[in-house]
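Peer 1: Yeah, the sequence shown ends on 202 if you go by the working numbering, and it's all consecutive.
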Amino acid sequence: MKFLLNIIRCCAAAFAVLSVTSFGANADNVTVSGVKLDETVQVGTQSLKLNGAGVRYKVFFKVYVAALYLPELKSTPADVLALPGAKRVTLVMMRDLSNDDLGQRFMDGLRNNLELDERAKLIKPMITFGQMFSLVPVLKKGDVLTFDWIPGTGIVCQFNGTKIGETINDATFYNAVLRIWIGKQPADEALKQKMLNSKEK
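Structure follows, in structure tokens:
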């Protein structure tokens, strides 16, 4: 699989250096580009609030709706990353996408937001995380991926409500995953501001 080879190359290099949102009539959900999102979700034993959500665009195409859930509402990357407790990122696909394409975008996002020495320390979870995408041959419009941080358990990923891949008990790596969307080089700057519910342009 191409993107897995790229993960290995990326890790080897590191080791060497050691969207419009509208609120629907139902107070329990928010609609983002036609996709309904819960305003609160249960992750582990904790109730999380919808911090913000928006659309990931690739050129003119809508790829997915991304939503960030936190125990408390936060508007800066530093505050989100430092916040204790459970967290969730939900992706709702808006078009069909192969696992190679999505996996490669995730690995690119990690690489763009991690220094080489950081990547060197996260080789094992990066490979485990990358292998997860091979379990979903094709993502269809409407499919839902969730990426949870559950204190005491680790990172739990689900595809349409079913757990996929191994649990990764590494809080540092979960923050690295969050940086794909809210880091210094996010997947989509406008989406970053939406997920942070920020007024910045």
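Beta carbons: idealized from backbone N, C-alpha and C, even for Gly.
Mind reading off the beta-carbon distance from Ala177 to Leu111? Whole number of angstroms is fine, and I expect it under 8 Å.
Peer 2: If you number the sequence shown from 1, residue 177 lands on position 176. If you number the sequence shown from 1, residue 111 lands on position 110. Correct: roughly 6 Å between the Cβ atoms.
Peer 1: Determine the closest residue to Phe130 out of Gly166, Val44 and Met95, with distance taken between C-alpha atoms.
Peer 2: The sequence position of residue 130 within the sequence shown is 129, counting from 1. Among Gly166, Val44 and Met95, the Cα nearest to that of Phe130 belongs to Gly166.
Peer 1: Cα separation between Val145 and Val33?
Peer 2: Locating residue 145 in the sequence shown gives position 144, counting from the first residue. Locating residue 33 in the sequence shown gives position 32, counting from the first residue. Their Cα atoms are separated by approximately 14 Å.
Peer 1: With hydrogens ignored, establish whether the beta-carbon of Val137 is closer than 7 Å to any heavy atom of the ligand GTP.
Peer 2: Among the components modelled here there is no ligand, and therefore nothing to report on the ligand GTP.
Peer 1: When you compare only the Cα positions, how much space is there between Ala26 and Lys125?
Peer 2: On the sequence shown, residue 26 is found 25 positions in, with the first residue counted as 1. On the sequence shown, residue 125 is found 124 positions in, with the first residue counted as 1. Note that Ala26 scores a pLDDT of 38, beneath 50, so its modelled location is shaky; the value from the coordinates is reported in the next line. C-alpha separation (whole angstroms): 45 Å.
Peer 1: Distance, Cα to Cα, Ile181 vs Gln47?
Peer 2: Residue numbering aside, residue 181 sits at position 180 when the sequence shown is read from its first letter. Residue numbering aside, residue 47 sits at position 46 when the sequence shown is read from its first letter. The alpha-carbon atoms of Ile181 and Gln47 are separated by roughly 24 Å.
Peer 1: Please state if the CB of Ala87 and the CB of Phe196 are separated by a distance shorter than 8 Å.
Peer 2: Sequence index remark: in the sequence shown, residue 196 carries index 195 (1-based). Sequence index remark: in the sequence shown, residue 87 carries index 86 (1-based). The amino acid occupying residue 196 in the given sequence is Met; Phe does not appear at that position. The answer is no: Cβ separation not under 8 Å.
Peer 1: Which residue from Lys50, Val157, Asp171 and Leu98 puts its Cα closest to that of Glu73?
Peer 2: Walking along the sequence shown from the start, residue 73 turns up at place 72. Out of Lys50, Val157, Asp171 and Leu98, Lys50 has the C-alpha closest to the C-alpha of Glu73.
Peer 1: With 16 as the cutoff for other CB atoms within 10 Å, does Lys185 come out buried or exposed?
Peer 2: Taking the first residue of the sequence shown as 1, we reach residue 185 at position 184. Counting Cβ neighbours within 10 Å, Lys185 comes out exposed, since fewer than 16 surround it.
Peer 1: Please look up how many angstroms separate the CB atoms of Met95 and Tyr65, rounded, as I've assumed it's under 8 Å.
Peer 2: By one-based count along the sequence shown, residue 95 stands at place 94. By one-based count along the sequence shown, residue 65 stands at place 64. Going by Cβ atoms, the distance from Met95 to Tyr65 rounds to 6 Å, so yes, they are a contact pair.
Peer 1: Measuring only the C-alpha atoms, how far is Leu141 from Gly104?
Peer 2: Position 140 of the sequence shown, counted from the start, is the residue given in the question as residue 141. Position 103 of the sequence shown, counted from the start, is the residue given in the question as residue 104. According to the sequence as given, residue 141 is Lys; it is not Leu. Going from the Cα of Lys141 to the Cα of Gly104 covers about 15 Å.
Peer 1: Cα separation between Ile183 and Leu69?
Peer 2: Counted from its first residue, the sequence shown places residue 183 at position 182. Counted from its first residue, the sequence shown places residue 69 at position 68. Near 10 Å, if we compare the C-alpha coordinates of Leu69 and Ile183.
Peer 1: Given that a residue counts as buried once 16 or more other Cβ atoms are within 10 Å of its Cβ, and exposed if not, what is Gln194?
Peer 2: Numbered from 1 along the sequence shown, position 193 holds the residue referred to as residue 194. Burial call: buried.
Peer 1: Identify, in the order they occur along the chain, each residue of the same chain with its Cβ nearer than 6 Å to the Cβ of Asp214, setting aside the five sequence neighbours on each side.
Peer 2: In the structure displayed, the chain extends from 2 to 202; residue 214 sits before or after that span and is not available.
Peer 1: For Phe24, which residues of its own chain have a beta-carbon under 8 Å away from its beta-carbon, when the five flanking residues on both sides are left out?
Peer 2: On the sequence shown, position 23 is the one that residue 24 refers to. Residue confidence is low: Phe24 scores 38 on pLDDT, short of 50, so the model does not pin down where it sits. Its coordinate-derived value is still stated next. Hits under 8 Å: Val31 and Thr32.
Peer 1: Ala26 by DSSP, collapsed to three states: which one?
Peer 2: Indexing the sequence shown from 1 puts residue 26 at position 25. Caution is warranted here: a pLDDT of 38 is assigned to Ala26, below 50, making its placement in the model unreliable, and the coordinate value is therefore given only provisionally. If DSSP states are grouped into helix, strand and coil, Ala26 belongs with coil.
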